[in-house]
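Each residue of the sequence shown is one higher than the last, beginning at 3 in the working numbering. All C-beta atoms, glycine included, are put in the ideal place defined by N, C-alpha and C.
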Amino acid sequence: MSGRNIFEIDVQIMWNRLLSVVEEQGQTLVRTAFSTSAREAGDISAGVFDLRGRMLAQAVTGTPGHINTMARSVGYFIEAFPIDRMKEGDVYITNDPWKGTGHLYDLVVVSPTFMDGRLVALFACTSHLVDMGGVGQTPEGRQIWHEGLFIPLLRLATAGTMNEDLLAMIRANVREPVQVIGDVYALIACNEIGSRRLVSMMQEFRLLDLEMLGEEIITRSRRAMTEAIGKLPQGTWTNVMRVDGYEAPLDLVAAVTIASDTIHVDFTGTSGMSSYAINCPLCYTEAYTTFGINCVVAPTIPNNAGTLDAVKVTAPPGTIVSATYPAAVYARSSIGHMMPDVVYGALEQAIPGRVPAEGTSNLWSLKMVAGHGLTGIGEKSGTQFMVMSFHSGGAGARPRQDGLSATPFPSGVRNVPVEATEAITPLVIWRKELRQDSGGAGQYRGGLGQVMEISSREDAAFGIFAGFERVKFPARGRIGGGAGQCGALSLKSGTALKPKGLQVVPAGERLVIEMPGGGGMGPAAERDPVAVQRDVRLGYLSAAAAKREYGVG
């Protein structure tokens with residue numbers, strides 16, 4: 003079919019087939035992964051690219067932080083491994099935070115696809131790993147070298163032969179070598195399945211290459227973005243949002259400029275970098291900023307190189323949202339997940355009534371650990387483990403609906419079932435329930451956070467690598483709505499714990515996690531009394547709060 007025009011029916015059929023190819027690619031990673039973050043939470047990405055490194059389609063399963071950074075990352079691989087030198091069976095890998103997804107704990111794997119001896123496409127995928135060595139999954143690192151094994155752009159396989167030296171290096175540097183190496187092979191399998199399905203599709207439609215189809219996809223998406231942006235008012239609007247930070251509070255400042263066919267977000271005025279690992283590389287800032295804008299401006303347009311091209315993101319190097327090497331960046335999501343909220347504060351001024359209130363945004367993931375030197379000495383430290391379990395506070399109220407409770411926006415990862423965590427560790431989750439009264443009051447209530455209570459079955463301590471936001475500064479309401487409740491971390495005995503860094507839970511104690519709620523939308527006085535009574539009946543709202551916030555007794 004290469005060399006002639008593609009008819010409309012051809013485009014639609016092949017587009018749908020391409021989506022099925024990348025979704026099967028992504029599901030292969032989920033089904034074969036060892037770590038709970040991939041197989042239970044879907045903290046991955048998968049996509050197909052043309053030979054210029056442009057993303058044509060992405061799997062539905064995945065997170066914006068992985069998908070949109072992956073979309074930029076493939077270009078770096080092509081620079082390091084030129085197209086004309088790629089061979090069938092080659093596989094490339096990196097976890098470079100500035101050329102990958104923003105921190106060392108995500109691997110990006112790229113594989114070339116050949117058909118009849120010719121290179122026709124590239125497949126890429128990413129996954130969060132349970133460990134990459136260093137000080138662990140904590141924001142306490144001070145430099146990138148503290149945070150684990152840094153893998154530059156390297157060959158993972160050459161013409162089908164694995165780089166066993168690299169695999170040995172990875173095994174020797176991680177606490178969970180079986181899980182980590184298992185995930186490396188799952189990433190390879192993910193791209194391999196994508197390649198097989200693409201070749202089958204191309205043979206069926208007699209495509210010699212993806213040039214014409216790819217150009218149609220990207221051009222149509224860019225044209226649709228131009229039309230969507232053209233319906234918006236032009237101008238510049240600015241918003242400032244204060245977050246907890248580490249050493250001191252931080253200000254995130256976004257100026258959103260809407261032009262005729264492009265939206266430019268500039269973060270000039272944002273606070274400088276931290277000494278700790280909450281710094282966010284620009285690639286990750288760009289990923290969540292673009293996602294947040296597209297959710298409001300063009301939610302139905304496919305995400306690919308054409309869509310991403312319509313949003314430009316800039317920030318002065320050395321700010322917390324444009325961290326420079328060799329800053330520690332492990333907990334870059336603490337800041338990066340706030341990007342939609344800070345941008346929505348500006349968009350609300352331009353297009354009122356179309357954006358949600360602020361939410362928890364920052365994931366309240368439980369990164370728990372036990373082992374020598376971290377939680378005890380020698381055998382007294384108990385069973386060694388490292389586990390990551392995704393959980394979330396409440397999302398902000400929407401323009402005409404309550405906020406979603408215990409929902410991870412903007413990351414999109416799934417909450418990990420407690421049984422999955424209990425099955426592979428000595429931990430017991432005694433309590434996991436919605437946190438009453440945590441959602442901000444308003445005509446539309448903010449989503450509720452959660453309360454969790456955890457202990458160990460062993461007579462040994464365990465630790466949590468905390469990296470939580472919304473402990474000092476809550477999610478703000480919008481248009482008169484109230485703020486959500488702040489989060490908290492403590493022991494069952496009443497001792498308060500710090501929201502960031504390794505916190506040790508002594509043997510016999512229980513860890514209590516109280517996750518924040520989302521902000522409300524509109525004045526509380528305008529909420530339907532029937533909705534208030536329903537919230538009280540379901541336990542979302544206490545009778546005292548119903549009386550205090552809404553005047554309903």
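Proximity test, residue i beta-carbon vs the ligand SAM heavy atom, cut-off 7 Å
i, result
"V371", "In terms of ligand content, the structure shown is empty, and the ligand SAM therefore cannot be addressed."
Buried versus exposed, by CB contacts within 10 Å (16 or more), residue i
i, result
"L189", "buried"
"G5", "Low confidence applies to G5: its pLDDT is 41, below 50, so where it sits in the model is not reliable enough to give any reading."
"R536", "exposed"
"I337", "buried"
"Y327", "exposed"
"G274", "exposed"
"M171", "exposed"
"V628", "Within the shown structure, residues of the chain are numbered from 3 to 555, placing residue 628 beyond reach of any answer."
"N364", "buried"
"Q60", "buried"
"W366", "buried"
"T270", "exposed"
"D404", "buried"
"P412", "buried"
"R437", "buried"
"A174", "exposed"
"P358", "buried"
"N70", "buried"
"Q205", "exposed"
"I15", "exposed"
Residue range of the unbroken alpha helix (DSSP H) whose run includes residue i
i, result
"A40", "38 to 41"
"T287", "284 to 299"
"M340", "Unbroken run through M340: none, as it is neither H nor E."
"S75", "66 to 82"
"E421", "420 to 426"
"S202", "179 to 206"
"A533", "531 to 540"
"E26", "10 to 34"
"A546", "545 to 552"
"E166", "166 to 175"
"L310", "307 to 310"
Residue i - partner residues in DSSP beta bridges
i, result
"R2", "With the chain covering only 3 through 555, there is no way to say anything about residue 2."
"P114", "L124"
"K502", "G469"
"L100", "The sequence shown places Trp at residue 100, rather than the Leu named in the question. Answer is none; W100 lacks a bridge partner."
"F51", "M57, L124"
"A257", "T240, D268"
"H374", "G378"
"F152", "DSSP output for F152 lists no bridge partner at all."
"H130", "D108"
"Y446", "M523"
"Y94", "V112, R157"
"F464", "V507"
"T163", "T160"
Neighbourhood of residue i by C-beta distance below 6 Å, restricted to the same chain and skipping five residues each side
i, result
"G150", "L106, M134, G135, G136"
"P401", "G355"
"E142", "G503"
"A43", "F392, V415, R416, V418"
"I80", "G55"
"A397", "G361, G405, L406, T409, F411, G449, G520"
"G373", "S383, Q386"
Enclosing beta strand (DSSP E) for residue i [first to last residue]
i, result
"M454", "452 to 458"
"M390", "387 to 391"
"W432", "429 to 436"
"V1", "With the chain covering only 3 through 555, there is no way to say anything about residue 1."
"A159", "156 to 160"
"E218", "Not the beta strand (DSSP E): E218 falls in the alpha helix (DSSP H), residues 213 to 232."
"I322", "I322 -> no beta strand (DSSP E), and no H or E assigned at all."
Cβ shell of residue i (< 7 Å), same chain only, five flanking positions each side left out
i, result
"T128", "I46, S47, H68, M72, T103, D108, L109, V110"
"V345", "A256, V258, V267, T291, G294, I295"
"P318", "T270, S324"
"G524", "G444, Q445, Y446, I481, G482, G483"
"S608", "Only positions 3 to 555 of the chain appear in the structure, and residue 608 is not among them; the question remains open."
"L21", "A59"
"L200", "V23, V50, T115, A123"
"K434", "V420, Q452, M454"
"L310", "N70, A73, T292"
Contacting residues, own chain, Cβ-Cβ under 8 Å from residue i (five flanking each side not counted)
i, result
"T38", "V132, V389, M390, S391, V418, A422, T423, I426"
"G237", "T259, I260, A352"
"D461", "G384, A509, G510"
"L491", "I466, A468, F470, V473, A498, L499, K500, P501, Q505, L513, V514, I515, E516"
"A82", "Y94, L155"
"M3", "Per-residue confidence for M3 stands at a pLDDT of 47, beneath the threshold of 50, marking its modelled position as unreliable; the derived number appears in the next sentence. Excluding sequence neighbours, M3 sits near D12, F207, R208, L209, L210, M214."
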